[in-house]
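Following: one structure in structure tokens, then a few remarks.
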Amino acid sequence: MIVALDGPAASGKGTLGRRLAQHFGLRHLDTGLLYRAVAYRIIADGGDLDDPATREAAARDLDPATLDPSLLRSSAMGEAASRVAADERVRAALLDVQREFAQRPPGAVIDGRDIGSVVCPDADVKIFVTASPEVRATRRWQELHASSADVSYEEVLDDIRRRDARDAQRAVAPLVPAQDAHLLDTTELDIETAFRAAVDLISAHR
1 MIVALDGPAA
11 SGKGTLGRRL
21 AQHFGLRHLD
31 TGLLYRAVAY
41 RIIADGGDLD
51 DPATREAAAR
61 DLDPATLDPS
71 LLRSSAMGEA
81 ASRVAADERV
91 RAALLDVQRE
101 FAQRPPGAVI
111 DGRDIGSVVC
121 PDADVKIFVT
131 ASPEVRATRR
141 WQELHASSAD
151 VSYEEVLDDI
161 RRRDARDAQR
171 AVAPLVPAQD
181 AHLLDTTELD
191 IETAFRAAVD
201 LISAHR
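Each residue of the sequence shown is one higher than the one before, starting from 1 at the first, in full-length UniProt numbering.
Rendered as structure tokens:
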């Protein structure tokens, strides 16, 4: 079984993805980490995030087994990832990695921006997770504040809005709900309520 979770930054899809995978005995892939890892590699090597050849080379050399989430979760890395993710050659280089992961038994929960629409259009269940920009910024700021990151709520909100606009307006695989996706708005939901709603959607399919 393949479950596709899509949605904007800080909508809660990553947390949901991990919990749903554990609940249903599936593997989990946060595809946002792939793009963050590409950006991290470029920055660590002193490369240019805006150079297409550098972006593509970093994406093709990426080994998903070496991902270290602790190095990739910062707000700055999220902004950098949003920039490289707009490159069609980067997305093409990572497409097979994501599809191969999804097809391996017993199945997977995969979260990202274009899973239901592009990566796994035949996914068994598609859920588009969203929330208001203000709520998402509050959640992200609380995460960063808990890790002692020196960033204001206003900066996080501005970052969320920039990334929303870039993700929605890019020419390749823009952030849009798949036509057959279930909408899960978590603006007024805590994680437990959102989790139960997602479980119910998947269980109904099974």
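All C-beta atoms, glycine included, are put in the ideal place defined by N, C-alpha and C.
Please determine, among the options, the residue with the shortest C-alpha to C-alpha distance to residue i.
i, options, result
"I43", "I191, G78, P174 and R166", "G78"
"I191", "V3, P106 and K13", "K13"
"A76", "A59, A149, R113 and D111", "A149"
"residue 208", "I202, K126 and T31", "Residue 208 cannot be examined here, being either before or after the span of the chain that is shown, 1 to 206."
"S169", "S70, S74, I2 and A86", "Here the sequence assigns Gln to residue 169, which means Ser is not the residue at that position. Answer by Cα proximity: A86."
"residue 223", "L94, D122 and D200", "One cannot answer for residue 223 here, as it falls past the ends of the chain, which runs 1 to 206."
"E56", "R161, L29 and L95", "L95"
"T186", "R163, D159 and T138", "T138"
"P133", "H23, V156, R60 and L183", "V156"
"P177", "W141, Q98 and G116", "G116"
"T193", "I2, V129, A93 and V151", "V129"
"D158", "V172, W141, A171 and A173", "W141"
"S203", "A92, G25 and V151", "G25"
"S74", "F195, V151 and A171", "V151"
What is the DSSP secondary structure of residue i, counted as helix, strand or coil?
i, result
"T130", "strand"
"V3", "strand"
"D185", "strand"
"L175", "coil"
"R206", "coil"
"D30", "strand"
"V151", "coil"
State the Cα-Cα distance for the pair residue i and residue j, rounded to the nearest angstrom.
i, j, result
"R27", "R136", "25 angstroms"
"D180", "C120", "12 angstroms"
"D50", "V90", "12 angstroms"
"T31", "H205", "24 angstroms"
"residue 214", "I160", "With the chain running from 1 to 206 in the structure shown, residue 214 is simply not present."
"D164", "A146", "24 angstroms"
"L201", "P69", "28 angstroms"
"D114", "D6", "6 angstroms"
"R83", "V109", "25 angstroms"
"M1", "D124", "6 angstroms"
"Q103", "V97", "10 angstroms"
Inspect the beta-carbon positions of residue i and residue j and report whether they are closer than 8 angstroms.
i, j, result
"A81", "R36", "yes"
"L67", "L33", "yes"
"residue 238", "P8", "Outside the shown range of the chain (1 to 206) lies residue 238, about which nothing can therefore be said."
"V199", "L20", "yes"
"T54", "G46", "no"
Query raised in the report: In the region 70-113, which residue ranges form an unbroken alpha helix (DSSP H) of at least 4 residues, counting only runs that do not cross its ends?
Result: Complete alpha helix (DSSP H) runs here, min 4: 75-84 and 88-103.
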